[in-house]
Amino acid sequence: MILSMIVCALLSFFDTYPDEAGQTVEHLTAGRAHIDSCLTGLDETGRTMALAVVAPEMSLYSRMLDFVELRTLFTLYVTTGKGNFSVGPFQMKPSFIEELHRRVDADPALASYRRLLRCDAEGIARRREIL
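FYI, the numbering for the sequence shown is 6 to 136, going by the numbering used here.
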């Protein structure tokens, strides 16, 4: 059921954004070995589902727009802690990264990932590192 919903969503996306979708498929196909190595904890169905979630975000990514958004977010979030909108190829918000840090720190089952997310700074320095 879920897989059929993903397929329908992808087909709709290809109809709406054919050029962007095509470029993303080319990028994902060319980098498939690297992508698979990053998703080693997932089986083939899990990897396919992960790519189905990520592909639309990647296809709508614009470096120029991201530069403007990131500079704006840097100014707002780092200096005041109040900016919270999505940036980057995967359109992540600072609040998502903060929540990810909290959950990894709190869950013993995720202890092996703590070294990847370690950020001992506080305040402005912490917010700068998160971005």
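Note that beta-carbon positions come from the ideal geometry of N, C-alpha and C, so glycine has one too.
Here the structure is a predicted model, which is why all the values come from computation and not from measurement.
- Of the candidates Thr-29, Val-83, Gly-86, Leu-65, the residue whose Cα lies closest to the Cα of Gln-96 is Leu-65.
- If you look at Leu-136, you'll find it isn't in any alpha helix (DSSP H); DSSP assigns it neither H nor E.
- Rounded to the nearest whole angstrom, the CA to CA distance from Met-54 to Glu-31 is 17 Å.
- The region 59 to 75 makes contact with the region 90 to 108; the number of CB pairs closer than 8 Å reaches 3 or more.
- A direct Cα-to-Cα measurement between Glu-49 and Gly-36 gives close to 16 Å.
- Just measuring C-alpha positions, the residue of Lys-87, Leu-105, Arg-119, Phe-79 sitting nearest Leu-136 is Phe-79.
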